Amino acid sequence: MPPTLHLNGQEILPGQTRDIYLEIAQLPTHTPMTMPIRVFRAREDGPVLLLLAGMHGDEINGLEIIRRIMADKRIRLVRGSVVAVPLVNVFGFLHLSRDTPDGKDVNRSFPGSAQGSLAARLAHSLLTHILPLADYCIDFHTGGASRSNHPQVRLDMKAQPEGLPLAHAFAAPLLLNSKLVDKSFRKEAALRGKPVLVYEGGESLRLDEQAVQEGIDGTLRVMKHLGMLPEAPAPQTTTVTLADSTWIRARKAGLFRPLVHNGEYVRKHALMGTLADPYGLTEISLKAPHDGWIISTNYLPVVNQGDALWHFGEV
Ligand SMILES: [Zn+2]
């Protein structure tokens, strides 16, 4: 007999779908602010997959990925359960902001506390009420500050080797080895022995169809790998695995014109873009420091010294 799942004082039996509104805090208007969660379960027992998006309230692609998975009536679980949280940071979403209204980043507020800041309360709720249900997690993000990420899965391959089969099943265009960051959801979940994939695709405040579709298809492939679905879309590309990555930063301030873009392979010394002053006096060429893949590109045309222009990956 498959076990009953318990969340927010409610029971979810095998074969059931439930929408649950976990109370987080009150707005200044007394309006209760809740974190919406949908749990859907197959009749047959199996793994519990947690899908999380909107930890950063302005990163909409992940929300759209989970929304479409929830809305697609053709997706019928044959085994296991999905706990879907399409919007963790409701506050940030309403304000079109990455952070909570007090300027805190939820993904740097773990493990959080029940009496802490809004961000700390959100983090604490996730860890105490939702994460314990999960066997595996996928946390959806996008680039921030006008930086667009090529669809990619991030995993600390050394700290979480058990996540590698999931990452390979996801089969995003890029798989990036990425160290666990202090106070992040991924690190706290890793400390509790839960494999977490972070999916990054597109940029904040912009729906990116390629990033959304890669996210949906990859998630369905992970579900198939876990025996939760009988079939899933085949990958469109072969995954490129990147062992390390660096940021290429602006040596000078000015107008930035990228000539290479996300997903491109660039050879050492190839022309990547230009930095010019606004008055036609100077223009410098930016050359590739080594062979590598473009993981992320900055699409802000005006940059300051030290701004990140590209995230550049090494095989
Ligand atoms: Zn994010």
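Residues 5 to 319 (my numbering) make up the sequence shown, in order.
Each residue gets a CB set at the ideal place from its N, CA and C atoms; glycine is no exception.
Values in this document were obtained by computation on a predicted structure and should not be read as measured data.
Here the alpha carbons of arginine 210 and alanine 280 stand approximately 27 Å from one another. Per the DSSP secondary-structure output, threonine 245 pairs in a beta bridge with Leu179. Checking the DSSP bridge columns, you'll see asparagine 308 has no partner listed. If you check the C-beta of threonine 104 against ligand 1, you find no heavy atom less than 7 Å away. When the alpha-carbon of threonine 301 is set against those of Gly267, Tyr283, Val52, Leu31, the nearest one is in Gly267. If you draw a straight line from the Cα of proline 7 to the Cα of glycine 197, it comes to about 21 Å.
The distance from the Cβ of glutamate 204 to that of glutamine 156 is about 5 Å, consistent with a contact at the 8 Å cut-off. Beta-bridge analysis with DSSP links lysine 291 to Leu275.
Its Cα nearest to that of glutamine 240, the residue Ala175 stands out among Leu126, Ala175, Val110, Leu100.
Under the criterion of beta carbons closer than 8 Å, valine 89 and leucine 53 do not qualify as touching, at roughly 12 Å. Under the three-state reduction of DSSP output, alanine 236 falls in the coil class, being neither helix nor strand. In this structure, threonine 38 has its CB at a distance of at least 7 Å from all heavy atoms of ligand 1.
Restricting attention to Met59, Ile73, Gln14, the CA atom closest to the CA of glycine 96 is found in Met59.
In the DSSP assignment, asparagine 65 falls within the unbroken alpha helix (DSSP H) covering 64-75. The beta-bridge partner set that DSSP reports for asparagine 302 consists of Arg151. Taking all protein chains shown into account, glycine 84 has 16 or more neighbouring C-beta atoms within 10 Å of its C-beta and is therefore buried. Each of Asn153, Asp143, Asp186 was checked against the Cα of glycine 167, and the nearest Cα belongs to Asp143. In this structure, DSSP gives leucine 26 an extended state, which the three-state scheme calls strand. By alpha-carbon distance to histidine 154, the top candidate from Asp311, Tyr269, Gly277 is Tyr269. Taken through DSSP and simplified to helix, strand or coil, proline 262 comes out as strand.
Within the same chain, Asn308, Gln309 come within 6 Å of alanine 257 by CB-CB distance, once the 5 residues on both sides are set aside. Per DSSP, the beta bridge partners of methionine 37 are Ala29.
Beta-bridge analysis with DSSP links tyrosine 269 to Trp297. For glycine 197, the three-state secondary structure derived from DSSP is coil.
Distance from the CA atom of alanine 138 to the CA atom of proline 51, rounded to whole angstroms, is 8 Å. The residues Thr38, Pro40, in chain order, have a CB closer than 7 Å to that of tyrosine 25 in the same chain once the five nearest residues on each side in sequence are set aside.
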